[in-house]
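Written below as structure tokens is the structure these notes are about.
4 protein chains.
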Amino acid sequence: MASTKTIKAAVLGASGYTGADMIRLAARHPNIEIVALIAKGHAGQPLAQVFPHLGSLELPALVTSDQIDWSKVDVVFGGLPHGTSHAEIAKLPQSIRVVDMSADFRLRDPKTYAEWYGGEHSAPELIKDAVYGLTEHYRNKIKAARIVACPGCYPTAVLLALLPLLKAKLIEAEDIIIDAKSGVSGAGRTLKQNILFSEAGEGLSPYGIGNHRHVPEIEQELGAVAGSAVTINFTPHLAPMSRGELCTCYVRLAGKASAAALREALAASYETSPFVHIVEEGTIPATQHVRGSNYCHIGVFKDRLESRAIVVSAIDNLVKGSAGQALQNFNVMYGFEETLGLEQLPLFP
Amino acid sequence: MASTKTIKAAVLGASGYTGADMIRLAARHPNIEIVALIAKGHAGQPLAQVFPHLGSLELPALVTSDQIDWSKVDVVFGGLPHGTSHAEIAKLPQSIRVVDMSADFRLRDPKTYAEWYGGEHSAPELIKDAVYGLTEHYRNKIKAARIVACPGCYPTAVLLALLPLLKAKLIEAEDIIIDAKSGVSGAGRTLKQNILFSEAGEGLSPYGIGNHRHVPEIEQELGAVAGSAVTINFTPHLAPMSRGELCTCYVRLAGKASAAALREALAASYETSPFVHIVEEGTIPATQHVRGSNYCHIGVFKDRLESRAIVVSAIDNLVKGSAGQALQNFNVMYGFEETLGLEQLPLFP
Amino acid sequence: MASTKTIKAAVLGASGYTGADMIRLAARHPNIEIVALIAKGHAGQPLAQVFPHLGSLELPALVTSDQIDWSKVDVVFGGLPHGTSHAEIAKLPQSIRVVDMSADFRLRDPKTYAEWYGGEHSAPELIKDAVYGLTEHYRNKIKAARIVACPGCYPTAVLLALLPLLKAKLIEAEDIIIDAKSGVSGAGRTLKQNILFSEAGEGLSPYGIGNHRHVPEIEQELGAVAGSAVTINFTPHLAPMSRGELCTCYVRLAGKASAAALREALAASYETSPFVHIVEEGTIPATQHVRGSNYCHIGVFKDRLESRAIVVSAIDNLVKGSAGQALQNFNVMYGFEETLGLEQLPLFP
Amino acid sequence: MASTKTIKAAVLGASGYTGADMIRLAARHPNIEIVALIAKGHAGQPLAQVFPHLGSLELPALVTSDQIDWSKVDVVFGGLPHGTSHAEIAKLPQSIRVVDMSADFRLRDPKTYAEWYGGEHSAPELIKDAVYGLTEHYRNKIKAARIVACPGCYPTAVLLALLPLLKAKLIEAEDIIIDAKSGVSGAGRTLKQNILFSEAGEGLSPYGIGNHRHVPEIEQELGAVAGSAVTINFTPHLAPMSRGELCTCYVRLAGKASAAALREALAASYETSPFVHIVEEGTIPATQHVRGSNYCHIGVFKDRLESRAIVVSAIDNLVKGSAGQALQNFNVMYGFEETLGLEQLPLFP
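Protein sequence lines correspond, in order, to chains A, B, C and D.
If you count by our numbering, then the first sequence holds residues 85 to 433, one letter each, in order.
If you count by our numbering, then the second sequence holds residues 85 to 433, one letter each, in order.
If you count by our numbering, then the third sequence holds residues 85 to 433, one letter each, in order.
If you count by our numbering, then the fourth sequence holds residues 85 to 433, one letter each, in order.
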């Protein structure tokens, strides 16, 4: 029987793409009531003005965080950019649970955070309480957490593909090469020249080579499983599409492991995970087959280099890579079905 | 309280885009059980092979219509191309209700059908029973219909914008000019050179000028309301996007009508229609704001030509323009909430 | 025999798309030496940094206009935004000829300029000297002009299609409806939310309905030919492509004129114009068939409304709609072959 | 002084994208007269019908190869698909020189050809005469060749990036991983479902993993330089753009080599090659910066994995990856400036 309890939610950063997709999904969740939309620069504007596609929703206008009566909020979905999230979250009453989609609570070491994100963390004591929100791997911790730090979009796609393999010692922790491709929405809604239609359209190029901020997060999680520090190659590319993320991971096989063994291990690992789908042999993951959904498609392929294999994963960067996974974590935290509010099938074409 | 009855549905033409979107939506409708997927050329294949994005659904493999036990089917969703639909539907037992998305039952005059669709209609007697499925305007007839002929994508966008205005005598029936723009999925999944990515990408051009098959359908419905034959200009264009349809209608104002009066009439006409949204003044309909949803956004604008106004409507050609409206009609036919299974908000970006 | 004289050119506004295409074309013109690139906000930067695709050219770094020795410049190509161009051009020595791509010298009446462009014109006395640079229609005046004001992209496409018809009294000046569609580069390189890839991609919508700044320019030129003031409907749309512009013009036939007569008149009018091509019957103009070239393709089509016809024109907004036409005017001004430096065929796909 | 000799050229396969780009470029080459366009399936049609963007050219209509008087042809540009080219070329008189863009004369071992291309080679004796047309590396051989087998698009981008490094022993021949991304035009104009706009648009996926036909060609050339057989990982991806190819090559550094040393070696190697450009440090190759041009941009980047480096190359698959390189080879064969007819700058945006 369906639960009838209602959780009151506020969305921090409601004017960005992450916030918009959070609203899109949460508004249709049967047990969520969105009570506040927070976006400093847009305070006073109705949602329909900021996001016309959400104009049919009857929701309060956008406000600043000062204008909120926090005693009437149960949970906060954080869609602020990294660096601005930690201060806002530190101000919240302890009674409020937080599902944060920013990078601010993902790295366990505040020094690493300061090094990669260019500034001191203002609430290092909260980091300890935060749980890394890769749902499929940390369900139990998430259930009890006050703060869930949802993984970045790239780490989600990479870790879902590689964590079970490293854990099972089927691949080496050395020499992992990840060639990642993302749609432009991954860069957010802030005005930047390289994400103009005329600049990004009909073109493809790598960016952040060797220094993308998702590197330490991936290395932290792989290292935790490997038992020692892991260094990876991670090379993201900007592709001319709005949504979608594809990670092509080139891995070295451990011992006598084969591509087939990798596939089996992944299938076993995600047997009870409704959103991770190991594609049939002969099928290849493609971003257009997960668009708009919370699914992650993973495929394993034989490499011509005998000691290696190729693991490919595809997600929608704004859904499984952000707002969808946040809602999935919310469901785990509050004891709902993991798929609740996330039943939408991919939109293709 | 939610109804618990289950309607058993078969999808005809399950390998096309219309069929795919029908499956995508019907699979999540709480009162529909999809019992058969029919696609002659793909019989024997699992759905995941034909549409990998639907691979998570546990549905029967595709079959030919001969392989169906029709006694176990309540309703058929028809997604076949025009010209092939009428013969298939004529073969169905009378007990089965039909929601057809093809053009085969839209035109009331079989001669007009033969003239525009290049072939005799094989079941003219069924045309009489068919109801034109523009939900917002024919709810009552649809409720009782055995066969509902869902409008084409263009007619849906045009008629939702113009029918109430013509009915209220706010615009003239003469000199209606409709400049329409459609995404490439409107051309279907059949292989044709002009819809290759390299041909349609980064380009825009009109097509079917003066002879697009949606013309007689629009003229039939406008004429029914005007009380006499109506001739229109309808000029569709192919735009480099997958989904979406925008109709810019240039209309002559009747008597002392003004753009403001048109806006009011439309707002009044759709007050209780959940999917038709008259956008605020200052807002402009855009296909990206309805993508993936069953919404139709309509705006009215002052023209520099004093005697004229501009009415703009935007839909997703595969949802409100096809499968979504079909499901909406299904809901009306079976007494469900009109929005059931159609709650998905637009996917933006 | 090819002329060997060399004209020294400066490009004003070298950091925008118009400036970039001007450099792209001028750099390959056999009789042009680019001696200065001016862009206030980028002074000091090498061109390769501002436009990596032009990195192979050995050109001086960008400078401010103060840094130029104007005595060494023969001609200025103006690529500044409207409103900033007139002041810069007013400062130039009289000996310098100007091919301006901004809107600042297009409107003959400074009051109309002030009304539509929101500010007084600082050099109204120069307007008198300026010639409207629609090459095919004003060659003789352009030859002798000091300042040539190149038409906007939309006016170019519209006027090439309609001027000869209005002049020949084959169409009425009343009730002209122009539904125009442009690629995103038409909006320039300045950061604006609506031209982000994630906003404009996979979407289509009208903008500037009834008040686009190209309206007075079109009305001025149509009025000059009609012999009295002309009011038009002009409704531009933003389409998800980088380059390209398509104008679908709905016109009322005068007297007994027919679509065939219009086609003949256009063909006759442009018989000796190398860049304007009246497409064969059965062929439809498409932006992807003129991309990257200085061509304008025009087609005429019968309308279902008997008293009307449809004239469709397609150009590349940055070439024939801007930098290409500027170079064409330069050729006319200096007595070169009109096609010199503009021989590039369209880039398709 | 410019040469005035005229070479008479025929284009085989004039109805494909490769043929079209060959015509586009050759038509503007000052020393080429296109005397015949051959395309079996389109014989009798004017070029304007097959490729409207080339409609302004006054060229003979398309014909079959039987209809040609080969005594009046000096050179053949071969744009046929692999497997059909060798038979046509074998029939040509010995006096005709051939620049072939198909795969049929690239592999020196007919057995390897049969294995990868699924059929016996009908003219193995001609393979011996054929020279591999990677212009920058085989200029001298090309000069004297009767048949030049232009490299595939991927091999061009990969070999330009890696050959000098392997030759200089700066990288290991083992463990080369190439993650390649191509625009859709690389798949040709033949109708296939996966290259429909609605399938490929807004999506990204790998294909031909481990078995793409360009593998043996890359391995052959790398092996020739390494002095022993080389096995590589080559994983191509289909990206939602029409033109452009980006290869991200992950290489193991040999001895004490560094990314800086690789950069220097490449710069030295291509110092006198006008089309290969090693981008400045801090700049990243991007397909949109070479589009429509014959340039190849290459960048070298430090890897987080200490023993590795990343070499990125970008080309336009139809120009440097096909027709442009063919014309460059033609220039070498006939003693023209290597850049003749290839001066077009990239088209951006």
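Note that CB positions come from ideal geometry on N, CA and C, so glycine has one too.
Predicted model, so just to flag it, every value in this text is computed and none were measured.
Residue-level contact check: Met106 of chain A does not touch chain D, since none of the beta carbons of chain D fall below 8 Å from its beta carbon. By the C-beta criterion, the region 89-98 of chain B is judged to be in contact with the region 120-129 of chain B, since at least 3 inter-stretch pairs fall below 8 Å. Proximity of Glu286 of chain B to chain C, defined by a Cβ-Cβ separation below 8 Å, is satisfied. Rounded to whole angstroms, Asp213 of chain C and Leu191 of chain C show a C-alpha spacing of 12 Å. By DSSP's assignment, Phe385 of chain A forms a beta bridge with A:Ile394.
Burial check for Pro144 of chain B: the Cβ neighbour count within 10 Å stays below 16, so the residue is exposed. Secondary structure note for Phe161 of chain B: its beta strand (DSSP E) is the uninterrupted segment Val159 to Gly162. Within 7 Å of the CB of Ser397 of chain A, no CB atom of chain D is found; the nearest one sits about 11 Å away.
The DSSP-derived three-state label of Phe318 of chain A is strand. Contacts with chain D at 8 Å (Cβ-Cβ) include Tyr291 of chain A. Taking 8 Å as the cut-off, the Cβ atoms of His166 of chain B and Tyr238 of chain B do not count as close.
Contact between Pro300 of chain B and Gly285 of chain C does not hold, since their C-beta atoms are separated by about 34 Å, which reaches or exceeds 8 Å.
In this chain, the beta strand (DSSP E) harbouring Tyr216 of chain A covers Ala214 to Tyr216.
Glu199 of chain C sits in a helix when the DSSP states are folded into three classes. If you check each beta-carbon in the region 111-127 of chain B against every beta-carbon of chain A, the ones closer than 8 Å belong to Ala111 and Arg112. Scanning its chain for C-beta atoms nearer than 8 Å, with the 5 sequence neighbours on each side dropped, one finds around Ala313 of chain A the residues Glu303 and Gly307, in chain order.
Interface with chain C (8 Å Cβ-Cβ cutoff): Pro324 of chain B is included. Under the Cβ distance rule, Phe281 of chain B counts among the residues neighbouring chain D, one pair being separated by less than 8 Å.
Beta-bridge partners of Glu117 of chain B (DSSP): B:Lys92. Per the C-alpha coordinates, the member of D:Asp158, D:Arg112 and D:Gly272 positioned closest to Met417 of chain D is D:Asp158. Fewer than three Cβ pairs drawn from the region 350-358 of chain B and the region 348-366 of chain C lie within less than 8 Å of each other, which leaves the two stretches out of contact. Counting along the chain, the unbroken beta strand (DSSP E) around Leu330 of chain B starts and ends at Glu329 to Arg336. By DSSP's assignment, Asp188 of chain C forms no beta bridge with any residue. If you draw a 10 Å sphere on the C-beta of Ser406 of chain C, you find 16 or more other C-beta atoms in it, and that means buried. Between Ala352 of chain C and Leu254 of chain C, the C-beta spacing is not below 8 Å. At a cut-off of 8 Å between beta carbons, Arg347 of chain D makes no contact with chain C.
The Cβ atoms of Gly376 of chain A and Leu138 of chain B do not sit closer than 8 Å to each other. Under the Cβ distance rule, Asn401 of chain C does not count among the residues neighbouring chain B, no pair being separated by less than 8 Å. According to DSSP, residue pairing for Lys265 of chain C in a beta bridge involves C:His321 and C:Leu330. Under a 10 Å Cβ-count criterion, Glu421 of chain A is classified as exposed, with fewer than 16 other Cβ atoms of the shown protein chains found around its own Cβ. In this structure the region 209-227 of chain B lies against the region 397-415 of chain B, because at least three pairs of beta carbons, one per stretch, are closer than 8 Å.
Take the alpha-carbon of Glu305 of chain B and the one of Ser397 of chain B: they are about 17 Å apart. For Thr90 of chain B, none of the residues of chain C pass the 7 Å Cβ criterion, the least Cβ distance being about 36 Å. Closer than 8 Å to the CB of Pro130 of chain A there is not a single CB belonging to chain D. In terms of beta-carbon proximity, Lys276 of chain C stays away from the interface with chain B, with every pair separated by 8 Å or more. Ranked by Cα distance from Thr423 of chain C, the first of C:His170, C:Ala252, C:Ser155 and C:Pro114 is C:Pro114.
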